[in-house]
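Going by numbering that gives the first Met the number 0, the letters in the sequence shown line up with residues 0 to 141, in that order.
Note that CB positions come from ideal geometry on N, CA and C, so glycine has one too.
Keep in mind that this is a model prediction, so the values were computed, not measured.
Input: a single structure, listed below in structure tokens.
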Amino acid sequence: MAILKKEYHINKNDFLRAGEASIKIKNVLKSLDVDPSIIRRVAICGYEGEMNVVMHGGNGKLSLEINSIHIILDISDDGQGIEDIELAMKEGYSTATDEYREMGFGAGMGLPNMKKNADEFAIDSAAGKGTRVRMIFPLIHR
Ligand SMILES: Nc1ncnc2c1ncn2[C@@H]1O[C@H](COP(=O)(O)OP(=O)(O)O)[C@@H](O)[C@H]1O
Ligand SMILES: [Mg+2]
């Protein structure tokens, strides 16, 4: 059973507010005295996931759920989806435009880093059907 659930909207191409949801979840976890190394892992995954929605996805949301033993991050969008998930998961693979690359994005490390930093990682996506990434972390207090 969830003891806390927060949801934040993410808007496609909104670079002014991009990253806000990740900052908010970081503050929630800090206020709950979660272990800093866990906060760091959740924050990396939240930020990468949020940026992917802004850059590649559509409108979407980030949800943070905490129960007695886990932190669950669920990031979804209604965008174009991913045709080849295996390819998208490869380190260095990116479809970022030149414009995004000039802004410093497009290293193709977001999804691999999310997988690395989460205890459990699941991605659901199909062309035209949007994308959903779900990640689970242990709830450890400092
Ligand atoms: N939410 C999403 N919607 C559509 N495509 C996505 C989404 N997230 C990731 N992708 C695809 O997967 C690729 C790899 O993502 P990622 O590893 O984060 O690298 P980067 O964001 O640097 O391109 C992206 O370039 C894009 O093609
Ligand atoms: Mg990315």
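- Cα atoms of I38 and I135: separation of roughly 12 Å, rounded to the nearest angstrom.
- Under the DSSP assignment, V132 falls outside any alpha helix (DSSP H), being part of the beta strand (DSSP E) whose first and last residues are 130–137.
- Bridge pairing for K114: absent [DSSP].
- Straight across, the Cα-Cα distance linking L110 with M88 is about 6 Å.
- Boundaries cannot be given for D34, as no beta strand (DSSP E) includes it and DSSP labels it neither H nor E.
- Inter-residue distance for V41 and E119 is about 12 Å (C-alpha atoms, whole angstroms).
- For I9, the secondary structure class from DSSP, reduced to helix, strand or coil, is strand.
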